[in-house]
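First up is the structure itself, then whatever we jot down about it.
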Ligand code: FES
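In the numbering used here, the protein residues as written are 2 to 240.
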């Protein structure tokens, strides 16, 4: 019989949960990206659709979806998750690797994962656009207002910002190359940013999950509003 692991605890439970959750989230994201309708309601716009731009019948989301996809795909935390979930490489700690041993990210195609340090810059640009849409969601027909929708979008923007700025590549950029933080005011400032980054970086995986769930909740909420399934509680009273 194949001896997968000597572990006696239900190590496979985490594998089942992570794999199921990741599959559901990826499935939903793929579906939402190619829908091309019901992504806007009143001042609210789905985070999957930050641009009002399309060609023909193409969904506007397909012009930018590759940025968050490549950013998350190459993220050090998500690599850990999908290496375990889909590649079983290995499926858990102290579990046999199957079907082959992990040999790092030195060969094609895995070597491409090292481009994460560049995708983080694209993610930051997208983050600015995301925040612009969030601010925009507080104004409708020239009037400022508060609603459940803009609270959800605000929460989403905050957690995505924390996820992006807790990135390991950014942490290296802020302080990983520096031998001495006390040399100049510039390196001292870098040290402060690095310390702040480290606080969130220690829980990078949690922010990765929260930000993934929040973007889906925001998209789903706006879709349900657009389809008339639910109504938004807000100070405008109607849209
Ligand atoms: S390591 Fe996860 S976003 Fe950079």
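Ideal Cβ placement from N, Cα and C applies to all residues, glycine included.
| Query | Result |
| --- | --- |
| Quick check: what's the CA-CA separation for residue 130 versus residue 11? | 43 Å |
| So the alpha helix (DSSP H) residue 133 belongs to, where does it begin and stop? | 117-137 |
| Taking Cβ to Cβ, would you say residue 227 is nearer than 8 Å to residue 36? | no |
| Nearest to residue 162 by alpha carbon, out of 138, 126, 142, 192? | 126 |
| Starting from residue 25, trace the alpha helix (DSSP H) in both directions and tell me its first and last residue. | 12-34 |
| For a test of the three-state rule: what should DSSP assign to residue 235, helix, strand or coil? | strand |
| Where are the alpha helix (DSSP H) runs, 4 residues long or more, that stay fully inside the segment 145-228, in chain order? | 149-166, 169-172, 186-202, 205-227 |
| So what's residue 42 in DSSP terms, helix, strand or just coil? | strand |
| Could you tell me if the beta carbon of residue 169 falls within a distance shorter than 7 Å of some heavy atom in ligand 1? | yes |
| Closer than 6 Å by C-beta to residue 141: which residues in its own chain qualify, once you throw out the five before and the five after it? Chain order, please. | 43, 44, 237 |
| DSSP puts residue 6 in a beta bridge; with which residues? | 96 |
| Assign residue 104 to one of two classes, buried (16 or more other C-beta atoms within 10 Å of its C-beta) or exposed (fewer than that). | exposed |
| Select from 81, 177, 150, 145 the residue whose C-alpha is nearest the C-alpha of residue 206. | 81 |
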